[in-house]
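Taken in order, the sequence shown gives residues 22 to 486; the numbers are from this note's numbering.
Even for Gly, the Cβ is constructed at its ideal location relative to N, Cα and C.
For reference, the structure is listed below as C-alpha cells.
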Amino acid sequence: MPQFVSDEEVKEQGFFMKRVCAVTHMFDHVPLAYTHSYGCQQNVSDGEKINGMLYRMGYDFTDDPEKADFILYNTCAVRENAENRVFGNLGALKHLKNRNPNLIIAVCGCMVQQQHIADRIKKTFPFVDLVFGTHVLHKFPEHLYSIFAEGKRVYSLPESEGVICEGIPVKRDSKFKASVPIMYGCNNFCTYCIVPYVRGRERSRNPEEIISEVSGLIEKGYKEILLLGQNVNSYDGNGVDFKELLKKLDNLEGEFKISFMTSHPKDCSFELIDTIAESRHISWHLHLPVQSGSNRILKLMNRHYDIEHYLSLVEYARKRIPELQLTTDIIVGFPGETYEDFCETLELMKKVKYDSAFTFIYSKREGTKAAEMDDPISEEEKGKWFRELLEVQGKSGEEAYKKYEGKVLRVLCEGKGRTDESLYTGKSRQNIIVDFNGDEQHIGKFVDVKITKVLNWALVGEIIQ
Ligand code: SF4
C-alpha cells in the first residue's frame with residue numbers, strides 16, 4: 022500500500038508556510054527566488070511544486086541568481102555530466118554567498134538522494150544551507166523555516182520507500198500545458214538505471230485525485246495534460262489500471278489533449294493500444310523505449326521483454342492507430358555489447374522505422390548493477406556506432422513524416438517557431454512539431470494547419486481559417 026502523507030502533516034506544513042511568510046514580509050523588499058530543475062519531466066513537475074510553496078511563502082521569482090535571496094537546484098542523477106554541471110554551478114555560488122550572507126542556497130532532487138553525493142556537498146560546499154531528498158519534498162517549508170529560526174544548515178535525506186503527498190501548491194510554468202504525476206518511483210531495476218534507488222518503490226495516486234486535478238486544469242483552460250510516471254503502464258490506483266484511468270479522463274468534456282510518459286514495453290498491453298485508438302483526446306503517440314535490438318543485451322539490462330514481443334506491440338499499434346507517431350530510446354554501448362549486438366539494434370531501427378528516437382551512449386551510474394559489469398568497448402568505438410545509428414534514424418524520420426504532406430493537422434500552438442523565428446510552433450495530436458504562419462493570439466489555442474514541407478524532425482505548414 023502506498024504511504025500517503027496524512028492530512029495533519031499537510032496542514033502542519035501549511036503552518037510552516039505561514040511562518041516563513043511572516044519572516045519574508047519583514048524583508049525590506051519582495052524576496053526573490055531563483056530555482057532550476059534539471060532532468061526529466063518528473064523533476065520539472067517537482068520544481069513546479071517547490072515554486073508553488075515558495076510563492077505561498079512570499080517569494081517572487083527571478084531568472085538571475087545574482088538578484089536572488091534564495092537559490093535552489095533541483096537535481097537529476099541519470100547522467101554524470103548533469104551531476105558535474107550542478108557541482109560547477111554550486112561552486113560558482115560561493116562569491117554570491119560571500120557578498121550576501123543572508124542568501125539561502127538549497128539543493129534537492131535525485132542526485133542528493135545518493136549518500137556519497139550528499140556527503141560531498143556537505144564537505145566541499147559549506148555555504149549550502151539546505152539539502153533535502155526526493156522523499157521529503159513536502160517538508161520543504163519546515164526545513165526553510167528552521168534555517169530562518171535556528172540559522173543552522175539542514176540535511177534531510179531519510180531512507181524511505183517513498184510517499185504520496187496530495188495538496189502541495191503548484192506554480193505551473195505554462196498557462197495551457199500541465200504535467201500531472203499519476204505515480205511515483207519504480208520497481209523495475211533496469212541494470213543501468215539509478216531511478217529506483219533515488220525515487221523509491223512504485224506507488225500510484227488515487228484515480229479520484231488525478232481526475233479532479235485534470236478536470237480543474239481543463240476548467241482553467243489548460244489544453245494539454247501530460248500524465249507522468251516512470252512506468253505509467255503499471256499504474257494501479259485502488260484497482261483502477263492505466264487504460265481505465267485514461268478512459269475516465271477521456272470522458273471529460275472540452276477540447277484538450279492527453280499525453281503520457283513513459284511506457285514500459287513489458288507492461289504495454291493490446292487493450293491500452295485499443296483505448297488510445299478509440300479515444301477522443303489521447304495523443305496518437307506511443308513512446309516505447311526499446312533500449313536495444315539484441316535479446317541478449319535486453320536480458321543484461323533486466324528489461325523483461327524480448328524483441329519478438331516488442332515487434333508484436335509495434336505491429337498492433339500501427340494497425341489500430343494508422344497515424345501513430347512511434348518514438349523510442351536507445352542505449353548504445355551497454356557493458357558487454359558487441360558489434361553484432363549493435364547490428365541487431367540497427368536492424369530493428371530499419372525494420373520499425375521510428376518517427377524519432379532518443380539515442381544515448383551508455384553512461385555509467387555508480388550504485389547500479391551495470392556499473393559493475395565489464396565494459397571493454399572504447400568510447401571512440403561507441404561513438405562510431407552512435408553515428409551509424411543516427412544516420413539510419415535520420416532517414417527513417419524523414420520517410421515517416423512524408424505521409425503528412427498535404428494533410429491538415431490540428432495543432433496546439435505553443436509559441437515562436439522552431440524552424441524559423443518568424444513562424445509559430447506547436448504539436449499535433451501525434452505530438453509532432455509543426456511550424457506555421459501564426460501570430461501571438463494563437464498561443465495556447467488549437468489551429469488547423471495544412472502541411473506544406475516535411476523535415477526529418479518537424480513539419481511546416483499554413484493555417485487554414
Ligand atoms: S523502468 Fe527502468 S529505466 Fe525506467 S525508471 Fe524504472 S528502472 Fe529506470
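How close, in whole Å, do the beta carbons of residue i and residue j come, if the pair is a contact with beta carbons under 8 Å?
i, j, result
"residue 93", "residue 71", "6 Å"
"residue 404", "residue 369", "That belief does not hold up - the Cβ atoms of residue 404 and residue 369 are roughly 20 Å apart, past 8 Å."
"residue 384", "residue 100", "5 Å"
"residue 297", "residue 303", "5 Å"
"residue 327", "residue 357", "17 Å between Cβ atoms; not a contact."
"residue 375", "residue 417", "6 Å"
"residue 489", "residue 103", "Because the chain is modelled from 22 through 486, residue 489 falls outside the range shown and cannot be assessed."
"residue 266", "residue 239", "That pair is no contact at about 15 Å."
"residue 481", "residue 432", "Going by Cβ atoms, the distance from residue 481 to residue 432 rounds to 11 Å, so no, they are not a contact pair."
"residue 465", "residue 244", "6 Å"
"residue 66", "residue 162", "The pair is not a contact, with the Cβ atoms about 18 Å apart (cut-off 8 Å)."
"residue 439", "residue 378", "Not a contact, Cβ separation roughly 18 Å."
"residue 165", "residue 41", "5 Å"
Specify the secondary structure class of residue i as computed by DSSP and reduced to three states.
i, result
"residue 122", "coil"
"residue 358", "coil"
"residue 45", "helix"
"residue 326", "coil"
"residue 37", "helix"
"residue 317", "helix"
"residue 390", "coil"
"residue 337", "helix"
"residue 164", "helix"
"residue 474", "strand"
"residue 260", "coil"
"residue 5", "What is shown of the chain runs 22 to 486, which leaves residue 5 out entirely."
"residue 129", "strand"
"residue 344", "coil"
"residue 251", "coil"
"residue 60", "coil"
"residue 151", "strand"
"residue 113", "coil"
"residue 54", "strand"
"residue 495", "Beyond the ends of the chain as shown, which are 22 and 486, falls residue 495; an answer cannot be given."
"residue 332", "helix"
"residue 94", "strand"
"residue 145", "helix"
"residue 26", "coil"
Measuring alpha carbon to alpha carbon, tell me which of the options ends up nearest residue i.
i, options, result
"residue 247", "476, 284 and 444", "284"
"residue 419", "464, 138 and 475", "475"
"residue 299", "363, 310 and 338", "338"
"residue 149", "129, 159, 162 and 160", "129"
"residue 105", "133, 88, 393 and 473", "133"
"residue 224", "209, 322, 235 and 280", "209"
"residue 259", "238, 411 and 226", "226"
"residue 136", "113, 392 and 153", "153"
"residue 473", "114, 256, 345 and 428", "428"
"residue 318", "379, 235, 365 and 75", "365"
"residue 391", "329, 448, 323 and 335", "323"
"residue 45", "185, 212 and 91", "91"
"residue 221", "228, 380 and 251", "251"
Mark residue i as exposed unless 16 or more other C-beta atoms lie within 10 angstroms of its C-beta, in which case mark it buried.
i, result
"residue 109", "exposed"
"residue 179", "exposed"
"residue 282", "buried"
"residue 199", "buried"
"residue 121", "exposed"
"residue 51", "exposed"
"residue 485", "exposed"
"residue 145", "exposed"
"residue 452", "buried"
"residue 254", "buried"
"residue 274", "exposed"
"residue 359", "exposed"
"residue 96", "buried"
"residue 408", "exposed"
"residue 79", "buried"
"residue 151", "buried"
"residue 462", "exposed"
"residue 450", "buried"
"residue 411", "exposed"
"residue 123", "exposed"
"residue 415", "exposed"
"residue 7", "Residue 7 is absent from the model: the chain starts at 22 and stops at 486."
"residue 388", "exposed"
Relative to the ligand ADP, is the shortest distance from any of its heavy atoms to the C-beta of residue i smaller than 8 Å?
i, result
"residue 228", "The ligand ADP is not part of the structure shown, which contains the ligand SF4 as its ligands."
Notebook entry, point to check: Going along the chain, which unbroken runs of the beta strand (DSSP E) with 3 or more residues stay wholly within the stretch 172 to 243?
Noted result: 175 to 177 and 198 to 202
Note to self: Which runs of the alpha helix (DSSP H) at least 4 residues long sit entirely within the stretch 400 to 469? Give them in chain order.
What the structure shows: 400 to 422
Note to self: For a minimum of 4 consecutive residues, which ranges assigned as the alpha helix (DSSP H) are wholly contained in the stretch 264 to 306?
What the structure shows: 291 to 298
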